[in-house]
Each structure stands twice: as C-alpha cells, then as structure tokens.
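This report concerns only the one structure given below.
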Amino acid sequence: MVRPTAGQRRFLGLWTAGWLAVLLLAGLLWVGDLSLQWPVLLAPVLGALVSLRHRDDGAAPGR
Numbered sequence: 328m329v330r331p332t333a334g335q336r337r338f339l340g341l342w343t344a345g346w347l348a349v350l351l352l353a354g355l356l357w358v359g360d361l362s363l364q365w366p367v368l369l370a371p372v373l374g375a376l377v378s379l380r381h382r383d384d385g386a387a388p389g390r
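Residue numbers (this note's numbering): 328 to 390.
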C-alpha cells in the first residue's frame, strides 16, 4: 500500500479546509446571519492550521 507523502497530506488538508470554508460561508449567507454565526468559520481556519503544522512521521529510517 502506498502512503501519501507529507506534501500530499498537507494539500488534502488545505483543500478540505478551503472547501469547508466556502460551503459554510455560502450556507451562512443563504440561510444564516453572518453577524451572529461568524465563529463557525473558525473551524476551517483551525483545520488549515492543523494541516500546515510540521509533523514527524515517526517512521524509522530503515523502514
């Protein structure tokens, strides 16, 4: 089984966070009240920050 590289995982995390932000914003503008419900937009921002953090895979060099 081929494991995705760190760059691929980071891209997927940013892609997902970006689409989540777009869809949440569209939903808020359509049926919500942006002045009251803006904190929900922090979820994709936190997701993007998590995907951007540096992680060590923990795999030994010999594997």
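For every residue, glycine included, the Cβ atom is placed at its ideal position computed from N, Cα and C. A quick note: this is a predicted structure, and the numbers were derived from the prediction, not measured.
The continuous alpha helix (DSSP H) containing P371 extends over residues L369 to L379. The residue from V367, D383 and H381 with its alpha-carbon nearest to that of V349 is V367. In this structure, DSSP gives P366 a helical state, which the three-state scheme calls helix. Taking A370 as the centre and dropping the five residues before and after it, the same chain places the C-beta of L347 and L351 closer than 8 Å to its C-beta, in chain order. The C-alpha of V358 lies about 43 Å from the C-alpha of M328.
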